[in-house]
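What follows is a single structure, written as structure tokens, with notes after it.
There are 2 protein chains.
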Amino acid sequence: MRALKYAILGLLIKRPMTGYEIAKEFSYELAEFWYANHSQIYPELKKLTSEGHVVFNIEISGDILEAKRYTITDKGIKDFTQWILKDENLQRTPKDIFRLRMYFSNNLEVGSRIHLLENQRLQHVNRLNTLKKIFEQYLEVPSASSDRFGDFLVLRGAIMREENYIAWIDECIMYSKENPQTSPK
Amino acid sequence: MRALKYAILGLLIKRPMTGYEIAKEFSYELAEFWYANHSQIYPELKKLTSEGHVVFNIEISGDILEAKRYTITDKGIKDFTQWILKDENLQRTPKDIFRLRMYFSNNLEVGSRIHLLENQRLQHVNRLNTLKKIFEQYLEVPSASSDRFGDFLVLRGAIMREENYIAWIDECIMYSKENPQTSPK
DNA sequence: ACTAAACATGTATACATTGACATGATTCGT
DNA sequence: ACGAATCATGTCAATGTATACATGTTTAGT
Chain A
1 MRALKYAILG LLIKRPMTGY EIAKEFSYEL AEFWYANHSQ IYPELKKLTS EGHVVFNIEI
61 SGDILEAKRY TITDKGIKDF TQWILKDENL QRTPKDIFRL RMYFSNNLEV GSRIHLLENQ
121 RLQHVNRLNT LKKIFEQYLE VPSASSDRFG DFLVLRGAIM REENYIAWID ECIMYSKENP
181 QTSPK
Chain B
1 MRALKYAILG LLIKRPMTGY EIAKEFSYEL AEFWYANHSQ IYPELKKLTS EGHVVFNIEI
61 SGDILEAKRY TITDKGIKDF TQWILKDENL QRTPKDIFRL RMYFSNNLEV GSRIHLLENQ
121 RLQHVNRLNT LKKIFEQYLE VPSASSDRFG DFLVLRGAIM REENYIAWID ECIMYSKENP
181 QTSPK
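These protein sequence lines map, in sequence, to chains A and B. Residues in the first sequence are numbered consecutively from 1, following UniProt numbering. Residues in the second sequence are numbered consecutively from 1, following UniProt numbering.
Given below as structure tokens:
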């Protein structure tokens, strides 16, 4: 499947980048649906180079500090274009440890269950607020052909996802309070 | 972290099960937020046995077909109880290939983009309908102490998640139609 | 002059996960 | 009696991912 390959190629279509810059991209908006740290990125870039999907040239900062700036090749663009066009079956639903906890939550007394839910809620609210702040920077919907359109869509998706998760937690809290039990299990 | 360990222990608290039965559980509701196939489950059960978290006894069907029925030990219950009680920081947002595609969707012409979105939409609608049919079986909210309460919460969560994903896709379709471009990139 | 943060690239080890390979028994329908 | 579906358990190789190890430079602030 090699999704990381296409994530990197997609970034390099926008502009040539170093491995370090690619890693940074993954820690901004992109992290809302994809992530890789540098220990995965550098080997992948090496592989992409040997496959002819990218080429690099070395830039020097200061006296000796080298950075490899990678550019996507025609072969890379062609491969990426085929990938992005391809219909795809639904992935398996992503794993979610908190949902796993809630699935087994009958093993908890009401107090503990609600504590866990409130804690999780707070974290999602914080994330939501961060996302909303980033979203405020878009004063209008970017043109569908600009590469900021993709950023806009996934950021909107991330906000909706967080709002929905919070709504689910609220339902869980409500049901737990409505329906108290004396002792667990 | 060993989430699979706790997923298995949680199931075994409900009742003793064979590896085969555990694998089956992962392909029903549980698959909405966790999954493992038998090639992961059997080794994990072996490990849990050697750690003293579970024990098994062999059942024979017919003449010779052996099945190992695993039972959780006191040590296993204690370990699970500590785990379920523990507060947890948010996981990294799960990877989502379709969102990755949409992030790079400025490389597509409007027609292709909408085709991909419609295709994905259909698949989510199908999944949603399946989930709703399962949900109809709950004529009332199960008691918070019954082990069907967890099933109920995560099933409700899965329905909300699918509805929300479809709403996001609809927004993407709307923005793509509102904001057409002549040629990609 | 010093220092902290950011720039920059790599490797290694362990763990998690997938899909294929491998084998065979039992049950249910026709 | 036959065949298909289900029951049942395991290993292996490849891939993917996380965390730590490892090293050194440059820049911006004080």
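Built from N, CA and C at the ideal position, the CB exists for glycine as well.
Task: Three-pair Cβ contact test at 8 Å for the region 58-75 of chain B versus the region 76-93 of chain A - done: Verdict: no, contact absent.
- [ ] Just tell me which of B:Gly52, B:Arg69, B:Thr49 has its CA closest to the CA of isoleucine 58 of chain B.
- [x] Within the second sequence, numbered from 1, the residue matching residue 58 of chain B stands at position 58. Among B:Gly52, B:Arg69, B:Thr49, the Cα nearest to that of isoleucine 58 of chain B belongs to B:Arg69.
- [ ] Note down, in chain order, every chain A residue with its Cβ under 7 Å from the Cβ of glutamate 88 of chain B.
- [x] Position 88 of the second sequence holds residue 88 of chain B. Those within 7 Å of glutamate 88 of chain B in chain A are Ile97, Phe98.
TODO: Determine the chain A residues that contact aspartate 147 of chain B at a beta-carbon separation under 7 Å, and present them in chain order.
DONE: Here residue 147 of chain B refers to the residue found at position 147 of the second sequence. Listed by position along chain A, the residues whose Cβ is nearer than 7 Å to that of aspartate 147 of chain B are Asn106.
TODO: With DSSP as the reference, label isoleucine 22 of chain A as helix, strand or coil.
DONE: On the first sequence, position 22 is the one that residue 22 of chain A refers to. It is helical.
Task: Anticipated Cβ contact below 8 Å, glutamine 102 of chain A with valine 154 of chain B, distance rounded - done: Mapped onto the first sequence, residue 102 of chain A falls at position 102. Mapped onto the second sequence, residue 154 of chain B falls at position 154. Note on residue identity: the sequence assigns methionine, not glutamine, to residue 102 of chain A. With 8 Å as the limit, methionine 102 of chain A and valine 154 of chain B qualify as a contact, their Cβ atoms being about 6 Å apart.
- [ ] Mind reading off the beta-carbon distance from alanine 144 of chain A to methionine 160 of chain B? Whole number of angstroms is fine, and I expect it under 8 Å.
- [x] The count along the first sequence starts at 1 and reaches residue 144 of chain A at position 144. The count along the second sequence starts at 1 and reaches residue 160 of chain B at position 160. Actually they do not touch by this definition, with Cβ atoms about 29 Å apart.
Task: Within-8 Å CB hit, glutamate 171 of chain B to chain A - done: The sequence position of residue 171 of chain B within the second sequence is 171, counting from 1. Under the Cβ distance rule, glutamate 171 of chain B counts among the residues neighbouring chain A, one pair being separated by less than 8 Å.
Open item on the list: Using only the alpha-carbon positions, how far apart do isoleucine 8 of chain A and isoleucine 77 of chain B sit?
Closed with: Counted from its first residue, the first sequence places residue 8 of chain A at position 8. Counted from its first residue, the second sequence places residue 77 of chain B at position 77. If I take the Cα positions, the gap works out to 44 Å.
Open item on the list: Can you look up aspartate 170 of chain A in the DSSP assignment and give me helix, strand or coil?
Closed with: For the purposes of this step, residue 170 of chain A is taken as the residue at position 170 of the first sequence. Residue state, collapsed to three classes: helix.
TODO: Check the Cβ-Cβ distances between tyrosine 175 of chain A and every residue of chain B, and say whether any is below 8 Å.
DONE: As a working note, residue 175 of chain A is residue 175 in the first sequence. Under the Cβ criterion of 8 Å, tyrosine 175 of chain A is counted among the residues facing chain B.
Task: Where glycine 10 of chain B falls, given that 16 or more other Cβ within 10 Å makes a residue buried - done: Taking the first residue of the second sequence as position 1, residue 10 of chain B is located at position 10. Under a 10 Å Cβ-count criterion, glycine 10 of chain B is classified as buried, with 16 or more other Cβ atoms of the shown protein chains found around its own Cβ.
TODO: Alpha carbon to alpha carbon, how far is lysine 86 of chain B from tyrosine 42 of chain B? Give it in angstroms, no decimals.
DONE: Position 42 of the second sequence holds residue 42 of chain B. Position 86 of the second sequence holds residue 86 of chain B. If I take the Cα positions, the gap works out to 27 Å.
TODO: Please name the residue, chosen from A:His53, A:Thr81, A:Asp79, that lies closest to threonine 73 of chain A on a Cα-to-Cα basis.
DONE: Position 73 of the first sequence, counting from 1, holds the residue named residue 73 of chain A. Of the candidates A:His53, A:Thr81, A:Asp79, A:His53 places its Cα closest to the Cα of threonine 73 of chain A.
Task: Under 8 Å between C-beta atoms of serine 61 of chain A and isoleucine 114 of chain A - done: Counting from 1 along the first sequence, the entry for residue 61 of chain A is found at position 61. Counting from 1 along the first sequence, the entry for residue 114 of chain A is found at position 114. No.
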